[in-house]
Amino acid sequence: MTSNKNESFGRFDFVGKAWLFGGISLLLVVASLIYLAVHGINYGIDFKGGTEMQVKFAQGVTIDEVRQAIDELKLGEVGVQSFGEGNEFIIRFQGKQGATDKETNEILNADIAKMRETVTTKFAAANPDIRRIDTVGPQVGAELKRNGLLAVFYCLLVILIYVALRFDYKFAPGAVLCLFHDAVITLAVFVLVGKEVNVSILAAIMTLIGFSLNDTIVVFDRIRETEGHYHDKGYGFVINKSINDMLIRTLITSGTTFISALCLYIFAGGTVEDIAFSICVGIFFGTYSSIYVAAPFVLLMEKMSLKKAKA
14 MTSNKNESFG RFDFVGKAWL FGGISLLLVV ASLIYLAVHG INYGIDFKGG TEMQVKFAQG
74 VTIDEVRQAI DELKLGEVGV QSFGEGNEFI IRFQGKQGAT DKETNEILNA DIAKMRETVT
134 TKFAAANPDI RRIDTVGPQV GAELKRNGLL AVFYCLLVIL IYVALRFDYK FAPGAVLCLF
194 HDAVITLAVF VLVGKEVNVS ILAAIMTLIG FSLNDTIVVF DRIRETEGHY HDKGYGFVIN
254 KSINDMLIRT LITSGTTFIS ALCLYIFAGG TVEDIAFSIC VGIFFGTYSS IYVAAPFVLL
314 MEKMSLKKAK A
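Residue numbers (this note's numbering): 14 to 324.
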């Protein structure tokens, strides 16, 4: 197939604005890293250990009433969060450490019993329903946190190797940079709005990495296909045409997934709501990065390769 020299690459000049949006992406990533380093990540009990009780009341009970009742038990650091219709609460506390593991377990069991008794007696008129009580030790939490970070690292490493073998070495750094961009910004936004990071949210971020990678791979595949037909047009033309050709497909795929996650965020509650929120944020930045981060970075790698070949 031969290319027409007068043929247009499409409606939008993505490469022409790549440096502008690339700079914006760099600022977002740097700002996200600084915010996470300064503010810190609010880990859930999955990662820092503690006890979590979920209770639902048949009649109206305010969050201040629940917090005041639990504070009277002097369990240490206590957090109360409402969700759903406002009559369901998550009560969390760290618990106290004993001299031995046995003593720690005894203290913890006593604290859980006191909390259960307080909820059932003080709010008996509201018909409390204790739906679950979860406990994670600090050592288990630290191990889960370490394994979670290792999972993300190995995931990015395997993706780097896969893309390099599947396409070319010039495609691999852009794909990994794109995924790192999506994960860091999504995590920063999640922490910014005051939500906790637990195993479920880590799983959501891993899901976003897979979703963003799929979109990036589709664009890369189109670039490789177009490159063979328009090799005399220059790489900027190839990338612009590839993205324009895949734009409708990308917007439809991302849009339908975003709407599904948005419905879950609006109508669901608790952990599902948090997961849906992270997916909504991740889809937005993932779609953006596939167009303005991954593909233009391939152009940068191509220019560096040509300069090296000329040298």
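Note that CB positions come from ideal geometry on N, CA and C, so glycine has one too.
Note on geometry: alpha-carbon atoms of I222 and T75 lie some 39 Å from one another.
L178 and A216 have their C-alpha atoms roughly 26 Å apart. The straight-line gap separating the alpha-carbon atoms of E65 and A185 is approximately 42 Å. DSSP places K69 in the strand class (E or B) of the three-state scheme. The three-state secondary structure of V197, taken from DSSP, is helix. Check the Cα spacing between I218 and each of H194, V232, I272 and V206: the tightest is with H194. Its chain contains T131 as the residues whose beta carbon lies nearer than 8 Å to that of E85, once the 5 sequence neighbours on both sides are disregarded; these appear in chain order. Shown here, T75 sits in coil according to DSSP, grouped into three states, outside any helix or strand.
Annotation: the continuous beta strand (DSSP E) that includes V91 extends over V91 to F96. For S302 against C191, the beta-carbon gap comes to about 5 Å, under 8 Å, which counts as contact. Taken in chain order, the complete beta strand (DSSP E) segments of 3 or more residues contained in the region 217 to 297 number zero; there are none. Contact annotation: the region 229 to 243 touches the region 253 to 269, with at least three C-beta pairs closer than 8 Å.
In this structure, the CA atom of I174 is about 28 Å from the CA atom of C293. By the criterion of at least three beta-carbon pairs nearer than 8 Å, the region 45 to 56 is in contact with the region 199 to 215. A Cβ-Cβ distance of about 14 Å is found for the pair I58 and D124, leaving them out of contact under the 8 Å criterion. In this chain, the beta strand (DSSP E) harbouring I104 covers E101 to F106. Taking 8 Å as the upper bound for CB-CB distance, T300 and D228 are in contact here, some 7 Å apart. Positions of the alpha helix (DSSP H) runs, each at least 4 residues long and wholly inside the region 137 to 183, are given as 151 to 179 in order along the chain. When secondary structure is reduced to three states using DSSP, T300 falls in the helix class.
A straight line joining the alpha-carbon of R129 with that of R145 spans about 11 Å. As the crow flies, the alpha-carbon of V232 is around 12 Å from that of I261. Excluding the 5 residues flanking it on each side, K69 has same chain C-beta neighbours closer than 7 Å at N100, E101, D142 and R144, in chain order. Around the beta carbon of R159, fewer than 16 other beta carbons lie within 10 angstroms, which makes this residue exposed. The three-state reading of DSSP puts V206 in coil, since its state is none of H, G, I, E or B. The alpha-carbon of I103 is positioned some 27 Å away from that of Y48.
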